[in-house]
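Going line by line, the protein sequences match chains A and B. Letter 251 of the first sequence, counting from 1, is numbered 251 in full-length UniProt numbering, and no numbers are missing. Letter 5 of the second sequence, counting from 1, is numbered 5 in full-length UniProt numbering, and no numbers are missing. Everything on this sheet refers to the single structure shown next.
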Amino acid sequence: MATHVTLLASAFLLLLLLPFSASISRRSAAINFFASSPASLEDAYEALRVFEILGIQEKKAHERGATCPKVLENLVSTSPLKDLFYALKVNVILKCDVNGEVFEGIASRLKVIVHDASTLLDKYYSIGGLVLIKDLDSNVDTHIPDVDGVFQSIKALRQSDGRWRHSSDNPESSIYAAGLAFEALAGVISLASSEIERSTVNIVKNDIVKLFDVIEKYDDGSFYFEEKFVSGQEQHGSLSTTSSVVRGFTAFAAATSGKINLPGDTILGLAKFFLGIGIPGDAKEFFSQVESLAFLESNRQVLISIPLILSLPETVYSLTKKGQLKESRKYRVYDLAKVNTVLGSAAPPLTVKLVHAFSTGAKDSSIIDSKELWYDQESGLHVLDTFPNNLDVGTYVFVFEIVLHDSASEEVYTTGGQIYVPIYVTGIIEVGNAEITVVESDLGTAETQKKLDLSGNDAVSLSANHLQKLMFAFQLTTPHGQDFKPQQAFFKLRHESKVEHIFVVGNTGKKFEIILDFLGLVEKLFYLSGRYDIELTVGDAVMENSFLRLIGHLQLDLPEAPEKASRPPTPPVDPYSRYEPKEEITHTFRTPEKRPPQNLSLIFLGLILLPFIGFLFGLLRLGVNVKNFPGSTAPSTFGILFHVGIAGILLLYVLFWLKLDLFTTLKAFGLLGAFLMFVGHRILSHLALTSAKLKSA
Amino acid sequence: MARSSSKDAQDLFRALWSAYAATPTNLKIIDLYVIFAVFTAAIQVVYMALVGSFPFNSFLSGVLSCVGTAVLAVCLRIQVNKENKEFKDLAPERAFADFVLCNLVLHLVIMNFLG
Numbered sequence: 001m002a003t004h005v006t007l008l009a010s011a012f013l014l015l016l017l018l019p020f021s022a023s024i025s026r027r028s029a030a031i032n033f034f035a036s037s038p039a040s041l042e043d044a045y046e047a048l049r050v051f052e053i054l055g056i057q058e059k060k061a062h063e064r065g066a067t068c069p070k071v072l073e074n075l076v077s078t079s080p081l082k083d084l085f086y087a088l089k090v091n092v093i094l095k096c097d098v099n100g101e102v103f104e105g106i107a108s109r110l111k112v113i114v115h116d117a118s119t120l121l122d123k124y125y126s127i128g129g130l131v132l133i134k135d136l137d138s139n140v141d142t143h144i145p146d147v148d149g150v151f152q153s154i155k156a157l158r159q160s161d162g163r164w165r166h167s168s169d170n171p172e173s174s175i176y177a178a179g180l181a182f183e184a185l186a187g188v189i190s191l192a193s194s195e196i197e198r199s200t201v202n203i204v205k206n207d208i209v210k211l212f213d214v215i216e217k218y219d220d221g222s223f224y225f226e227e228k229f230v231s232g233q234e235q236h237g238s239l240s241t242t243s244s245v246v247r248g249f250t251a252f253a254a255a256t257s258g259k260i261n262l263p264g265d266t267i268l269g270l271a272k273f274f275l276g277i278g279i280p281g282d283a284k285e286f287f288s289q290v291e292s293l294a295f296l297e298s299n300r301q302v303l304i305s306i307p308l309i310l311s312l313p314e315t316v317y318s319l320t321k322k323g324q325l326k327e328s329r330k331y332r333v334y335d336l337a338k339v340n341t342v343l344g345s346a347a348p349p350l351t352v353k354l355v356h357a358f359s360t361g362a363k364d365s366s367i368i369d370s371k372e373l374w375y376d377q378e379s380g381l382h383v384l385d386t387f388p389n390n391l392d393v394g395t396y397v398f399v400f401e402i403v404l405h406d407s408a409s410e411e412v413y414t415t416g417g418q419i420y421v422p423i424y425v426t427g428i429i430e431v432g433n434a435e436i437t438v439v440e441s442d443l444g445t446a447e448t449q450k451k452l453d454l455s456g457n458d459a460v461s462l463s464a465n466h467l468q469k470l471m472f473a474f475q476l477t478t479p480h481g482q483d484f485k486p487q488q489a490f491f492k493l494r495h496e497s498k499v500e501h502i503f504v505v506g507n508t509g510k511k512f513e514i515i516l517d518f519l520g521l522v523e524k525l526f527y528l529s530g531r532y533d534i535e536l537t538v539g540d541a542v543m544e545n546s547f548l549r550l551i552g553h554l555q556l557d558l559p560e561a562p563e564k565a566s567r568p569p570t571p572p573v574d575p576y577s578r579y580e581p582k583e584e585i586t587h588t589f590r591t592p593e594k595r596p597p598q599n600l601s602l603i604f605l606g607l608i609l610l611p612f613i614g615f616l617f618g619l620l621r622l623g624v625n626v627k628n629f630p631g632s633t634a635p636s637t638f639g640i641l642f643h644v645g646i647a648g649i650l651l652l653y654v655l656f657w658l659k660l661d662l663f664t665t666l667k668a669f670g671l672l673g674a675f676l677m678f679v680g681h682r683i684l685s686h687l688a689l690t691s692a693k694l695k696s697a
Numbered sequence: 001m002a003r004s005s006s007k008d009a010q011d012l013f014r015a016l017w018s019a020y021a022a023t024p025t026n027l028k029i030i031d032l033y034v035i036f037a038v039f040t041a042a043i044q045v046v047y048m049a050l051v052g053s054f055p056f057n058s059f060l061s062g063v064l065s066c067v068g069t070a071v072l073a074v075c076l077r078i079q080v081n082k083e084n085k086e087f088k089d090l091a092p093e094r095a096f097a098d099f100v101l102c103n104l105v106l107h108l109v110i111m112n113f114l115g
């Protein structure tokens with residue numbers, strides 16, 4: 001009994017949603033994300049900021065050498081505003097050697113921009129730049145002369161629904177811009193030489209509270225911001241939007257005194273949202289997440305509640321595995337900061353209360369009521385010292401509450417009220433009284449009855465025909481002797497030809513039972529006689545010995561299939577077969593035509609020449625001569641050129657046949673044709689003139 | 001009877017020949033050219049009949065080249081013939097220019113079809 005109490009008195013570790021291992025994974029993710037050298041100063045700043053938050057000093061030192069020259073290069077008053085801003089931001093982290101005069105120059109330029117800038121982004125960068133210079137070198141005069149004017153010009157961008165516009169001539173507004181605006185306003189306040197009016201500050205605080213009206217909520221209590229109207233240029237996801245708002249209102253809270261009236265649940269919800277993302281997909285999102293968490297955690301003033309998050313590293317509790325239990329029998333609470341950043345502070349003195357616990361099946365009956373966990377100083381764990389004896393396998397919900405000891409810390413921290421944690425209690429389910437029987441259908445007398453030990457490996461051999469019934473029954477009991485109803489209890493018959501039939505095993509009170517009447521099943525079994533394998537599947541999330549096993553074979557004798565009976569389905573195609581190499585493609589080419597013997601072709605080539613020879617011979621017989629060829633120089637030249645032109649075109653044809661394409665040929669043909677027309681016209685008109693003269697003479 | 005008929009045929013051919021001898025030499029040249037083209041075409045047809053029509057486009061272009069140029073030559077002959085009153089006003093040089101141009105176009109097409 002004593003061991004039993006020890007066993008049950010143990011409980012679970014309550015850690016943050018982010019246990020230490022997650023923090024390590026975040027660090028390695030940071031090193032992976034920012035492994036390559038950053039392309040821009042913005043990327044460099046994001047990398048350095050993440051390294052700083054997560055305390056990765058070695059990487060930070062490594063970046064210094066490469067980034068400082070870039071910073072100096074951009075710290076001139078002519079570089080673009082954005083680069084200037086990020087150069088200053090990087091410099092705040094790296095503290096590169098920069099001359100004070102450089103800051104003077106930049107500050108005077110930024111002051112001009114603060115006044116003249118028309119867009120929110122320009123104002124944001126210039127004000128942010130001035131704030132950074134103020135931090136870097138206190139000797140530089142960074143006070144803005146017309147504080148109220150700048151403040152109002154930013155305020156003017158606010159829309160009635162809490163969103164802000166990017167510039168006065170652009171009607172589109174966004175939540176992302178609201179975050180930027182709050183940060184810029186915070187900057188203006190810290191740059192003011194005189195105190196800003198309290199009422200003005202309060203209006204902005206109300207704006208912040210108003211913006212939280214559009215916050216979205218997930219079922220698990222996480223809160224986030226999402227842009228409803230996405231304008232064409234900028235597209236910010238919910239992470240970057242939420243991050244912008246968090247940065248904005250924490251900056252504003254830091255710059256002013258007095259609490260911003262935001263509910264603790266919302267702050268906790270924001271923290272949950274950032275934590276719930278895990279490790280985001282890209283470096284930029286990772287930066288947004290880590291930085292926002294750092295803002296939520298680092299706010300030491302009594303301005304915004306710091307969320308405390310309770311979680312269990314292990315929500316599965318086994319009734320059987322004793323060794324494992326002894327190690328994790330304590331609860332623990334960290335504050336978010338400690339686990340998230342490793343730089344973090346200890347949680348304030350607090351007590352974790354287990355309000356009640358109930359089984360998911362019976363919500364009304366509470367198994368534990370109102371119990372305080374005691375705090376173990378040595379390990380910093382919150383421990384539940386007694387555990388109900390009657391805790392049986394199943395799923396439960398434990399409801400916790402964090403009670404802070406001093407009322408002062410209640411101002412600082414937010415705990416999120418009651419915390420519902422699902423707990424799985426697992427154990428070994430005893431399978432007993434398994435029985436498999438073949439009975440005569442009409443008489444109900446048992447033909448063969450076999451007992452089975454389902455925990456062992458034995459398999460039964462049975463035979464039956466279509467006039468008989470198969471009965472199978474078994475019982476499941478929990479370690480506490482209660483009946484157990486698993487999520488799955490399947491009885492499977494598999495024929496030699498791989499045709500399978502699955503039956504759900506019904507639950508009749510204490511017993512699980514299935515009766516297969518083969519007379520009614522012949523059609524479903526496709527009249528397939530022969531050997532069937534019998535398999536039983538019993539499984540549940542809290543059942544440690546869930547199993548799928550062969551319980552025996554059944555030789556089934558069924559009648560011949562009638563003509564109209566449906567055919568058994570073809571076995572399913574192996575889904576992996578589509579990744580196998582495809583059948584090789586064979587190409588069939590047209591068989592080449594039979595060519596005539598070469599000799600025959602040569603003979604006909606000779607024959608073709610015969611008419612030509614005959615033609616030449618005939619010309620000789622007719623006494624053809626070239627005496628009519630003009631004697632004088634000009635016409636004779638044209639005559640020769642005419643023949644050369646014709647020869648040229650014929651040569652072109654030969655070339656066309658051999659290698660040229662139609663377009664080249666037609667171009668050359670056009671040129672040659674024009675030339676031939678010209679010379680042909682000259683020579684022929686000359687000849688016509690001569691013959692006309694001859695006639696008239 | 002047969003003898004007399006063959007003699008008649010000989011007489012007929014002789015008469016034809018003597019009548020033909022009177023045609024101008026330039027027309028005779030054209031006739032010779034037409035005969036040359038037609039015979040060349042005929043030899044190709046015979047070759048086709050012996051070995052088959054593959055490649056058919058080559059055969060067609062070869063024969064059509066000969067037949068086409070023969071037809072063009074016949075046209076030239078019609079235009080050049082002085083007896084033909086219809087083309088009295090047409091200079092033979094002009095007719096020859098047409099002949100050359102048509103031949104060039106014809107052979108461009110033939111070459112394209114030859115493959």
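Glycine included, each C-beta is placed from N, C-alpha and C at the ideal position.
Closer than 7 Å by beta-carbon distance: list the chain A residues that pair up with residue i, in chain order.
i, result
"T40 of chain B", "I608, P611"
"A91 of chain B", "A688"
"K28 of chain B", "L622"
Quick one: does residue i have its CB under 9 Å from some CB of chain B?
i, result
"L619 of chain A", "yes"
"T665 of chain A", "yes"
"G631 of chain A", "no"
"K594 of chain A", "yes"
"F656 of chain A", "yes"
Quick one: does residue i have its CB under 9 Å from some CB of chain A?
i, result
"G52 of chain B", "yes"
"F36 of chain B", "yes"
"L76 of chain B", "no"
"V100 of chain B", "yes"
"F87 of chain B", "no"
State buried or exposed for residue i, treating a residue as buried only when at least 16 other CB atoms are found within 10 Å of its CB.
i, result
"H236 of chain A", "buried"
"I502 of chain A", "exposed"
"I110 of chain B", "buried"
"Y125 of chain A", "buried"
"N74 of chain A", "buried"
"H495 of chain A", "buried"
"K217 of chain A", "exposed"
"A337 of chain A", "Its pLDDT being 27, under 50, A337 of chain A is placed unreliably in this model, and the coordinates cannot settle the point."
"D540 of chain A", "buried"
"P611 of chain A", "buried"
"S292 of chain A", "buried"
"Y20 of chain B", "exposed"
Leaving out five residues before and five after residue i in sequence, what residues of the same chain have Cβ atoms less than 6 Å from its Cβ?
i, result
"L558 of chain A", "H466, V522, Y527, S529"
"S288 of chain A", "L239, S240, S243"
Tell me which same chain residues have a C-beta within less than 8 Å of the C-beta of residue i, skipping the five on either side of it?
i, result
"I31 of chain A", "I56, K59"
"A15 of chain B", "none"
Considering Cα atoms alone, identify which of the options is closest to residue i.
i, options, result
"I429 of chain A", "A:K524, A:L550, A:T320", "A:T320"
"G456 of chain A", "A:G432, A:R165, A:R578", "A:G432"
"F512 of chain A", "A:A489, A:V188, A:S497", "A:A489"
"Y424 of chain A", "A:L470, A:V542, A:R198", "A:V542"
"F400 of chain A", "A:V393, A:T426, A:L391, A:L373", "A:L373"
"F103 of chain A", "A:L120, A:P145, A:L84", "A:L84"
Which residues in the same chain as residue i place their Cβ atom closer than 7 Å to its Cβ, once the five residues preceding and following it in sequence are excluded?
i, result
"R27 of chain A", "L54, I56"
"T266 of chain A", "F212, I215, F223"
"G68 of chain B", "L106"
Any heavy atom of the ligand ATP within a distance shorter than 8 Å of the CB on residue i?
i, result
"S366 of chain A", "The model depicted lacks the ligand ATP and carries no ligand whatsoever."
Give me the chain B residues within the contact set of residue i, using Cβ-Cβ distance strictly less than 9 Å, ordered along the chain.
i, result
"L600 of chain A", "Y47, L50, V51"
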